[in-house]
Each structure stands twice: as structure tokens, then as C-alpha cells.
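Residue numbers (our numbering): 528 to 1157. C-beta atoms are modelled at their ideal positions from N, C-alpha and C, and glycine is treated no differently.
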């Protein structure tokens, strides 16, 4: 499906990164821009999208399942402007979830401007502030796209004012405050500079990009020495690792000898075996790429994200890609449960360690360090979803492992112990406001703003500053308190002194004391003790958490007990066992639920909760030892 590449001079090249909060429509907009570029036939696009015009850029299985972008991607479209000239627009789609902010930070260096996408109802959200701040630090001017204006509760003009206030709050220069505004419906595939005169296509958006996005340095840097920075890595079974990035200066040619400078400053000489440029969703082989353009280079292994590809005779390094430090860590360890090895293929600490080291090559926001023992690894990331996606990927690849409770990373600032503080934004029904305030008051949250969305009848908008550790398990309790109607978003603000103790899980758990298959007979007799996580027929083992106790404190139960096959009972008093629904929890839900003495056991086929010490006697002995130490 590869097609000839349209060659344009640097003056008609545009590099644009699309940034926004999660679920504001970035990937949908890029897909529609590709659709309307005319590069592909409809049947080709359907094949790329997996049928039914899905999102062609969300190609990862987890991205399709969760409906979010996890990995930054780029493509190129050509557009014939009103002046008759043909322009090539390199589009860089970025994740919107705060946990994948590292993806956003490292790809902004490839862009000359940004499309700041904002929901016409929700307005600027926590991640909007984060990505916009990073873009302004790099000197990238935004074109504001107010998306979803077809929503019945849309308030586009108020949202534009909120974006202006956000830019002022971020100390944006005066020229940035005079931003271009485009109103759009990415789902319907149209955009307009004036809401009163909507168009039937995205042409107004293409024209805004052509007019307001600056071209890369016109030829001046093409004559300088080569400088190319790796911002993304891809892998092919045929050619190995592929380095993707932007040519910041000079020109790189196919089969050219280059110098690769790593993060330690060490220089190695290699050959650019193959050059690939972007055309639509394809990569086409080219002979050379000049300054300002994006490309992929084959043949530079070993190479890492942030490395500089430079002139072999006079290598000059570019500043290394800086990514904010992690805020959360957890322990990965070997699965030592009784069912270890039943589902997975990769079980040992060596295999888990090698997989984590491979992840470090492309996941720039991740950190891996040795744990307390040789079979444990301390893995740090930007948030629960960031680490949860890694665990889910490992699980699907055939790994078995156990994961401990997520812990925030503390810092000492001027001799004071500090913890990460997040901005929490909640939209909830006004009737549930008291329940929300009570729930957050227990978690050391500080109310900083309260208001009402003008078009959202009956809903109140609340903003808090809250310790990151208070967010553990908050989402499920918040949804229970608001009957599933609350909408939560959060983003890191910074570090502040530790705010004190946070209440732990109020209820205990039900722990199995036997290994075997759970029976309906045993579960029926225990339903008044709490809510179960297992069904009749599920295999359980001693020390596994099989349910939530209805009271504080843990309770050991026997869920594998069977009915005695005797004939001494009266048949009229024999009752059938009643099977009740179980509580389903996602991987992230399990990670939020557990306490310090519990683990999440992850295998390709099962996710189980368990105690770190499986034997009841071992747990009692540990409790006595802890009591003596205290």
C-alpha cells in the first residue's frame, strides 16, 4: 500500500503535535484528517481501522479496548491550500491521560506548533494544563480547537474564555494570548472558524495550520552539520530497532556514516542503512531527509531514546530529552503461589528483569531498580494506569508475577519530607455534593474552587488539592457515593509537606484456608459474611483473598467445603444453594484495593488477590512480631 512521497520545500512543511486531555477527541480528529486527505480509499481505511471506520491510529490492542491513546504516533498528510500550493503536514498524535505524559514530553520536540484540543463542554482539564505548560516551555504556539461543539450541552464561547484564563495563569507571552480558534466536530468531520457558518469538511482547520503554524527553518539549517534526535523507537523482526525523530540541522542521506551520541556522551560510528519518511500512515524509503522534516532511520543499533545522530567528523550533541520524574512505585516479584506455572511461560526473576529492561528502552517515564531481594524489582512510573498498562502487556505476553501495593515516592525538600500533590477535578450531581466533600475531607483534600457548569443542570464542579496517596481506591468509593454519576480527573501539581495519615480500607477481607475448587454449598453459607470475588468452580488456594468482609478485620473462611453425601437428613429440609453475583475488579481496581500485606497475582488467564504470607500461622507470627517491635 506504499505510495510515492510528495516532495515539498521546507517552506511548505508543517509539523504539528495534537495535545489535549483524555477523551477530548484527538485521535478521532487525526483519523478524520487522514480520511479527508484523499490518500486512501475507504476499503483501505477500514482495513487499517479493523473494520467499521474505527480509529486507525489506536492500533494497539489495549488502546482499542480502553478507547485511549497510550503510545504517541505520527503520520503525514498532503493538502492543497487555497493559494494553490501543496503542503505536507506531519501530524503527531499524543496520549491524553496524565500517566502517559512522558510520551507527550518527548515528542513535543518534533513539532513547531500544537493543536490544543478542548472539549466544548468540559473545557480545560488537568491534563490540558500539563501538556500546554510543556508546549509553552518549548516555545510552541497553540491553535485552539474547540471540539464536540455538536454536543447538546456545549458551551464553546465560555470554553474559549477558560482557555484564555489558563494561558494567563501559565504566564504565556502576549503573542500566544492572541490565539487562533477553530470550532469542530471531529466525529462528524467538520470545522469552522465561525460557529454561525459551519463547513462540511475540515478545510478551515487545514487552512489554519497552513497559515498559523511556522515552517521549519528554511534551508538555513539544512547547510549546517547534521543533528537528529531520537524521540521514538520502533522494532521490526527484519531490520531490528528503528529510530524515529526530527532532523534538527543538516541533511541525512541513505547509507551515510553518522555518529551516535548516547546520554553519557559516548560516541559510536554507524551507518544509516535505510531512511524512511512518512506518507499518510505509511513509511516510504527515501534517499535523503533535510532539516525540519521527520523520518525513521534503520541500522543504528544499539540506540536509545534521546540519543543524538550527528556528523561523524564534528559530532555535536543535542540536549537530552527531559521527562518529569515518577511519582509512584511498586514491587514486582516472582509468583510463588501454589498455582505458579499453570498459565504462563515466563516465570523466573531473570525473565521478568529482562522484560523490564526492554521496556526501559522505549518507556522513558519508567524507572526500574533492584528490590529488597534478588527476586524483586522496584518499578516506578507516573501513575497507576502507567504501571497497570505495563503489567497488562506482560500478562498478555505470557508472564506470571506478583505485584505489591502502589506507594507514592516521597522527596526531602529543604529538610522537610514532602509528598506528591495532585489537582483533582470532580463533576458530580448537586445532591451528592455532601457525600463527596465528606469522602475527600477524610483524605486530606483541600477545596480550591467550586462552581457550576452553566449548561449542566444539577451538576456542581469541584476542584481540590489532594495527596497522591489519597487517590488510591478513591474512584470506586466516589462512584458508589454518587451512584456512578461522578466524573474524576487528576494531574500532578508538585510536592508539598506530608499532610498526615490517610484512612485505610475500612473493611477487612475473606481469606481461604483451603486449596481446591470453590463450591456453591460453601459460598451459600458464607454470603452473610461479605461479598465474594470468586464463583463456584473457581480454583482457590490457602491464603487467597476470596472476598470482602462485611466488617473491619480479616476473616478466614472455607469456600471449598462440600456437602456430605449421606442420607441421614430429611429430604424436605434440604435446600438448594443460592449463587449470588460476584464483584468484578479490573487490574487497576485490584492494585488500588490491596493493603501493604497483600499482593496481586497476575497470570495470562487470571488475576487473583492474595496475602503476602499464605499460611495463617505465618500471618499470626508476623502480627505478633510487629506488635512487639511497636
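Contacts around residue 556, its chain only, beta-carbon distance under 6 Å, and the 5 residues preceding and following it disregarded:
713
Buried versus exposed call for residue 1059 [16 or more other C-beta atoms within 10 Å across all chains shown]
buried
When the Cβ atoms of the stretch 988-1005 are set against those of the stretch 944-952, are three or more pairs found closer than 8 Å?
Between the stretch 988-1005 and the stretch 944-952, the count of Cβ pairs shorter than 8 Å is three or higher; the stretches touch.
Is it true that the CB of residue 635 sits closer than 8 Å to the CB of residue 662?
yes
Confirm, please, whether the CB-CB distance from residue 1024 to residue 1047 is below 8 Å.
no
Taking Cβ positions, are residue 755 and residue 836 nearer each other than 8 Å?
yes
8 Å contact criterion, which residue 693 and residue 651 should meet: CB distance rounded
5 Å
Whose C-beta lies closer than 6 Å to the C-beta of residue 860 among residues of the same chain, with five residues either side of it excluded?
902, 903, 929
Between which two residues does the alpha helix (DSSP H) harbouring residue 1158 extend?
A query on residue 1158 cannot be resolved here, the shown segment of the chain reaching from 528 to 1157 and no further.
Taking the C-alpha atoms as reference points, what is the distance between residue 590 and residue 919?
Confidence is the limiting factor: at residue 590 the pLDDT is only 49, short of 50, which leaves the residue's position unreliable, though a coordinate-based value still follows. About 12 Å.
Measuring alpha carbon to alpha carbon, tell me which of 997, 701, 757, 614 ends up nearest residue 538.
614
Under the three-state reduction of DSSP, which class applies to residue 921: helix, strand or coil?
helix
Where residue 745 sits in the DSSP three-state scheme:
Residue confidence is low: residue 745 scores 48 on pLDDT, short of 50, so the model does not pin down where it sits. No coordinate-derived value is stated.
Do residue 1069 and residue 1039 have their beta-carbon atoms positioned less than 8 Å apart in this structure?
yes
Out of curiosity, what's the CA-to-CA distance linking residue 1136 and residue 1110?
13 Å
Suppose the cutoff is 7 Å on Cβ atoms and the five residues either side in sequence are ignored; what does the same chain contact list for residue 776 look like?
748, 751, 752, 753, 754, 818
Where residue 1115 falls: helix, strand or coil (DSSP):
Three-state result, residue 1115: helix.
On the CB-based measure, 16 or more other CB atoms within 10 Å of its CB, does residue 664 come out buried or exposed?
exposed
Would you tell me roughly how many angstroms separate the C-alpha atoms of residue 559 and residue 1083, rounded to the nearest one?
56 Å
Rounding to the nearest angstrom, what Cα-Cα distance links residue 1011 and residue 962 in this structure?
13 Å
Roughly how many angstroms lie between the CA atoms of residue 974 and residue 667, to the nearest whole one?
Straight-line spacing of the CA atoms in residue 974 and residue 667 works out to 32 Å.
With which residues is residue 646 paired in a DSSP beta bridge?
As computed with DSSP, residue 646 is found in a beta bridge with 674.
To the nearest angstrom, how far is the alpha carbon of residue 863 from that of residue 1154?
27 Å
Looking at C-alpha atoms only, which residue of 1138, 1085, 1005, 671 is the closest neighbour of residue 1053?
With respect to the C-alpha of residue 1053, the residue from 1138, 1085, 1005, 671 having the closest C-alpha is 1085.
In whole angstroms, give me the CA-to-CA distance for residue 544 and residue 632.
11 Å
Taking a contact to mean a Cβ-Cβ separation below 8 Å, would you say residue 768 touches residue 828 in this structure?
yes
What is the residue span of the beta strand (DSSP E) that residue 655 lies within?
Counting along the chain, residue 655 falls outside any beta strand (DSSP E), though it belongs to the alpha helix (DSSP H) covering 653-664.
Which of helix, strand or coil does DSSP assign to residue 874?
coil
What alpha helix (DSSP H) runs, 4 residues minimum, are completely inside the stretch 542-567?
553-564
Determine the burial state of residue 540: buried for a count of at least 16 other Cβ atoms within 10 Å of its Cβ, exposed for fewer.
buried
Taking residue 956 as the reference, which of 989, 700, 1113 has the closest Cα?
989
Considering only residues of the same chain and omitting the five flanking positions on each side of residue 959, which have a CB-CB separation below 8 Å?
1008, 1009, 1010, 1012, 1013
Return yes when the C-beta of residue 796 is under 7 Å from any heavy atom of the ligand MG, and no when it is not.
You won't find the ligand MG in this model; it holds no ligand whatsoever.
Per DSSP, residue 857 is paired with what?
According to DSSP, residue 857 shares a beta bridge with 906.
With a 10 Å radius around its C-beta and 16 neighbouring C-beta atoms as the bar for buried, classify residue 658 as buried or exposed.
buried
Per DSSP, which residues does residue 691 bridge with? Please list them.
Beta-bridge pairing links residue 691 to no other residue.
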